[in-house]
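Following the working numbering, the numbering of the sequence shown begins with 36 at its first residue and continues without gaps. Let me begin by presenting the structure, written as structure tokens, before commenting on it.
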Amino acid sequence: MTVYSFYIFDRHCECIYIKQWHDRDRDRSSLRPSTASSATSPLPEKRTSAKMLSGIDGAAQPGRLSAQDDAKLIFGVIFSLRNMVRKLSTPEDSFISYRTNNYKLHYYETPTNLKFVMITDTKTNNLRVVLHQIYVNLYVEYVVKNPLSPVEHPGGEGVACELFELGLDSFVRTLDISA
């Protein structure tokens, strides 16, 4: 299993955290790796809080989206699919994931309307339980219970604490190894 990236969106639809483990070649219309070799080649980790979104990839390369545009597109897809699923299904059904030929997007929404999104390769099974574990064991423990972290996270402030990042990285790397 290859994990490409991880996003957290707050209840105000703002991307408060981004972390990328593997490169995904993207064009302006989709989020997909262009070849299998590019999807599996590890890059130096890229972590972004929303405070840094305007500066990272600010001058996007031709044919590539900035991190901020990428996050907006991902949230738009999630918002649209979640609303469509709610209208077409019974109340107990919910949007969990969707798959294309090139990637799979996994979604978990907390009771406080935080949205956890993980993008992986297509061979990955449902990661709803994994996203729930990230929320309960990492986000709540290291971000919510942190006395120095604000209650709201404007611009991602307080989310990118070192313990959360180390825990998330080691947790995701164990997922990569186990597949």
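Beta carbons: idealized from backbone N, C-alpha and C, even for Gly.
- CA-to-CA, the gap between H47 and L149 works out to about 9 Å.
- Secondary structure of M119 (DSSP, three-state): helix.
- Short of 8 Å from the beta carbon of S132, and not among the five residues preceding or following it, lie these beta carbons of its own chain, in chain order: K139, L140, H141, Y142, N161, L162 and R163.
- Across the structure, K54 and V120 are spaced so that their CA atoms are roughly 27 Å apart.
- E144 sits in a strand when the DSSP states are folded into three classes.
- In the three-state reduction of the DSSP assignment, F151 falls in the strand class.
- Of the residues I113, I51 and T155, the one whose Cα lies closest to the Cα of P185 is I51.
- The three-state reading of DSSP puts Y42 in strand, counting E and B together.
- DSSP places I131 in the coil class of the three-state scheme, outside both helix and strand.
- A straight line joining the alpha-carbon of L203 with that of L108 spans about 23 Å.
- Under the three-state reduction of DSSP output, H167 falls in the helix class.
- When secondary structure is reduced to three states using DSSP, Y52 falls in the strand class.
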